[in-house]
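Novice:
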Amino acid sequence: MKILVMEDDREAADYLQKAFVEAGHTAHVAGDGETGFALADAGDY
7 MKILVMEDDR
17 EAADYLQKAF
27 VEAGHTAHVA
37 GDGETGFALA
47 DAGDY
């Protein structure tokens with residue numbers, strides 16, 4: 007599963023990304039809403 011994490015707290019985002027990757031998923035992080043929505047529009051989440 008490909009997951010997009012939209013979180014402005016970098017420590018929390020890194021923790022979530024690591025947990026998703028360890029569970030066998032692909033996870034990308036966006037540090038703000040603008041970037042997150044751009045990634046969501048361009049990707050398959």
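The sequence shown begins at 7 in our numbering and counts up by one. Positions of the beta carbon are idealized from the N, C-alpha and C atoms, including for glycine.
Could you check how far apart the C-beta atoms of Ile-9 and Ala-33 are, in whole angstroms? I think they sit under 8 angstroms.
Specialist: Confirmed, Cβ separation roughly 5 angstroms.
Novice: Using only the alpha-carbon positions, how far apart do Asp-14 and Asp-50 sit?
Specialist: The straight-line gap from Cα to Cα measures roughly 21 angstroms.
Novice: Looking only at its own chain, which residues have a Cβ that is under 7 angstroms from the Cβ of Gly-42, when we skip the five neighbours before and after it?
Specialist: The answer, listed in chain order, is Leu-10, Met-12 and Ala-36.
Novice: Go to Ala-36, then tell me how far its beta strand (DSSP E) extends in each direction, as first and last residue.
Specialist: It spans 32 to 36 - the beta strand (DSSP E) in which Ala-36 sits, taken as one unbroken run.
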